Amino acid sequence: MIPRPDLIAPNSPAGLEVFQITTEPDVPSSHIYMEAQIFTPDSKRFVLHRSSHSHGSDPHDPKHRYLLCDLDNPDELVPLTDELGPTAPSLSPDGIWMYYFVDQTEVNGGRLILKRVALDHSRRETLLTLDAPLPGTPYRLSKIYPISTISSDGLRLAIPAYLGDGRTPNAPWGLMVFDLVKAEVRLILEGSSWCNLHPQYCRSTNPRAAHDLLIQENHGNTGDVRGNYIQLVSGLGADIHIIRDDGTNLRDLPWGRVPEENCQGHQCWWGNSEWAITGTSDSDRCQRLIAGRSAPHTDHLGRAVPGAVRLDLSRTFPDPHFLHFGTDHLGRRLITDHGPSIPGGGLFLADLHEAGRPQRPIFRFVLSPKTDFKDCHIHPFLSPDGKTGFFNSNESGLLQAYLVRNL
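Residue 72 in our numbering sits at position 73 of the sequence shown, and the numbers go up by one each step.
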């Protein structure tokens with residue numbers, strides 16, 4: 000890890016420290032997609048990956064590794080995987096295990112292996128191998144989503160995949176929930192509109208809310224027989240829901256699907272609350288951050304769903320163009336990137352009140368990652384305690400992972 004004071008701007012906060020975490024000159028590395036659960040609860044250790052891109056990795060890349068970074072010793076990045084095809088890591092809420100998959104699937108064939116490795120390297124276990132149709136279904140899994148999500152009690156893990164047979168166009172995608180105690184899996188959701196689910200378990204420890212998954216639906220999506228997108232519908236086609244992890248109790252969030260507001264396609268829980276935040280594009284050509292709480296499912300009405308509640312978190316920011324974002328564990332801080340309207344992009348930080356309370360957060364400029372937005376998305380996120388921020392940049396000419404301290 001090397002200090003990068005050159006990334007600090009004259010209007011950055013006093014005392015800010017910036018470091019480049021990954022430094023190999025010929026291997027791109029990045030943070031894992033910012034909604035993934037990759038931090039230990041003490042905010043001291045987290046997982047990133049080598050030989051990767053902003054949205055994941057190539058399952059056939061022999062150079063790809065998941066690496067453990069200890070912020071007390073950040074110069075040593077310890078490999079957690081060494082096999083071909085590791086994907087979709089999630090750290091257990093107690094900070095002991097990293098769960099991940101080994102993707103050896105192909106359309107209508109192959110196998111998917113669920114593993115876990117202790118962060119202290121004392122144990123590595125194979126929990127389940129899927130080399131046949133999902134129990135109770137005719138479907139074989141392939142095109143495994145690069146992001147998994149783990150429940151706040153550490154008992155369940157969810158991940159999407161393609162369910163097509165290689166012969167049927169517009170075949171379904173599905174969401175699988177793995178019981179980590181029984182080493183069992185069940186399909187809870189299927190359909191061609193669930194092609195880009197972004198599933199995220201609620202971080203609340205409330206026993207009821209701990210079963211809730213935030214999910215994205217893309218109405219009108221079309222794909223070929225191999226599961227490749229012909230058209231990935233966003234805009235008016237995208238809406239966001241919450242579903243219980245047994246496939247029941249579908250709910251709607253009050254965002255998008257009206258001419259004056261579309262969902263961008265990124266959302267996250269507001270800390271450990273039952274509120275969520277999404278990015279929208281509106282008729283004023285702004286990209287806003289809108290918080291909301293769900294209402295019972297009606298008819299995919301988006302912003303017009305009756306009974307839901309929403310707050311515009313970005314209404315005090317002139318001409319907002321916020322793209323990706325995340326909060327700390329308590330939901331009292333939010334970090335976000337601002338789009339190409341700022342040369343090289345911008346990182347901003349805002350302090351929040353308790354989720355759902357009326358508020359007018361002030362967004363403070365942190366720095367510019369100096370990315371070109373072509374081969375790199377900034378994808379900022381915070382440590383659980385909110386004291387450290389993380390982002391990607393290709394300002395060096397190659398995608399690398401960075402952190403910023405003293406926020």
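Glycine included, C-beta positions come from ideal geometry on N, C-alpha and C. The structure displayed is predicted, hence computed values, not measured ones.
Beta-carbon separation (whole angstroms), S29 vs L47, contact threshold 8 Å: Distance from S29 to L47 at the Cβ level is roughly 7 Å; contact confirmed, criterion being Cβ atoms closer than 8 Å.
Nearest-angstrom Cα separation, counted from D327 out to H296: The alpha-carbon separation between H296 and D327 amounts to approximately 29 Å.
Collapsed DSSP secondary structure at G108 in the structure displayed: Collapsing the DSSP output to three states places G108 in a strand.
Other residues of its chain near P137: CB distance less than 6 Å, five sequence neighbours each side excluded: No residues qualify anywhere along the chain.
Which residues DSSP lists as bridging N391, in chain order: In the DSSP output, where bridge partners are listed per residue, N391 has A400.
Extent of the continuous beta strand (DSSP E) to which A157 belongs: Element bounds for A157: 155-161.
Beta bridge counterpart(s) of N217 as assigned by DSSP: Answer is A237.
Sub-8 Å separation of L90 and Q19 beta-carbons: Result no, Cβ atoms of L90 and Q19 do not sit closer than 8 Å.
Inter-stretch contact (C-beta, 8 Å, three-pair minimum) for the stretch 122-139 and the stretch 65-73: Cβ pair count under 8 Å is below three, so no.
Residues bridged to A275 [DSSP beta-bridge criterion]: Partner residues in the beta bridge of A275, as assigned by DSSP, are W268, G291.
Beta-carbon contacts of D244 that lie in its chain and below 8 Å, excluding the five residues immediately before and after: S150, R155, A157, V176, I187, Y200, H210, D211, L212.
Reduced DSSP category for A303 - H, G, I as helix; E, B as strand; rest coil: DSSP places A303 in helix when its eight states are reduced to three.
Host beta strand (DSSP E) of R64 (start-end): Segment 64-69, the beta strand (DSSP E) holding R64.
Residue of P24, S42, S121 minimising C-alpha distance to L70: Here the closest residue by C-alpha is S42.
Cβ neighbour criterion (16 or more within 10 Å) applied to K114: Buried, since its Cβ has 16 or more Cβ neighbours within 10 Å.
Assigned exposure category for E216 - 16 Cβ within 10 Å defines buried: The residue in question, E216, is buried, as its Cβ has 16 or more Cβ neighbours within 10 Å.
Best match in H59, L111, C267, T279 for proximity to L83 [C-alpha to C-alpha]: Comparing C-alpha distances from L83 to each of H59, L111, C267, T279 shows the shortest one belongs to H59.
Cutoff 7 Å; reference H352; Cβ partners in own chain excluding five residues on either side: Cβ neighbours of H352 beyond the five flanking positions: Q358.
Beta-bridge pairing of M175 - partner residues as DSSP gives them: DSSP, once it has assigned bridges, lists I158, L186 as partnering M175.
Buried/exposed call for T247, threshold 16 Cβ in 10 Å: It is exposed - the Cβ of T247 has fewer than 16 other Cβ atoms within 10 Å.
Supposed contact pair Q286 and S293 - C-beta distance, whole angstroms, cut 8 Å: Cβ atoms of S293 and Q286 stay farther apart than 8 Å, at about 22 Å.
Cα-Cα separation, L249 to W269: Roughly 19 Å between the two C-alpha positions.
Terminal residues of the beta strand (DSSP E) in which Q230 lies: Q230: member of the beta strand (DSSP E) spanning 228-230, first to last residue.
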